[in-house]
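177 is the number of the first residue of the sequence shown in the numbering used here; add one for each residue after it.
Positions of the beta carbon are idealized from the N, C-alpha and C atoms, including for glycine.
These notes are about the structure you will find just below.
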Amino acid sequence: MASLTIRNLPDEVVQRIKTLASMKGHSMEQEVRELLETRYASKSEAIQRIRQRWSALPETTPQEVDSWRVVGRHNDY
């Protein structure tokens, strides 16, 4: 695994991380690790879900898209 050093973090950010870590009963290092894993794992999982759903949709023509625009403009929402 890689290591990461982050310099010049604002004191307020460090304090928030310390507080969160303390509330959860673990170290700042563990808290930051979980934050990073959650932030980036969630994004890649979301992209994967979007790609799966997109690939299941039928292909559409430009004419179909144009007709949807026309209908959408005339619907009262």
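Open item on the list: Using the Cβ count rule (16 or more neighbours within 10 Å means buried), how would you classify Glu-221?
Closed with: exposed
Task: Candidates Glu-240, Ser-179 and Arg-249: closest to Glu-205 by CA position - done: Ser-179
Open item on the list: Can you look up Thr-195 in the DSSP assignment and give me helix, strand or coil?
Closed with: helix
Open item on the list: Between the alpha carbons of Ser-243 and Thr-214, how many angstroms are there, rounded?
Closed with: CA-CA distance, Ser-243 to Thr-214, rounds to 40 Å.
Open item on the list: Just to confirm before moving on: does the CB-CB distance between Glu-207 and Ile-193 stay below 8 Å?
Closed with: yes
- [ ] Note down, in chain order, each residue of its chain lying with its Cβ closer than 8 Å to the Cβ of Ala-197, except the 5 sequence neighbours on either side.
- [x] Ser-203, Met-204, Gln-206 and Glu-207
TODO: Assign His-202 to one of three DSSP states: helix, strand, or coil.
DONE: coil
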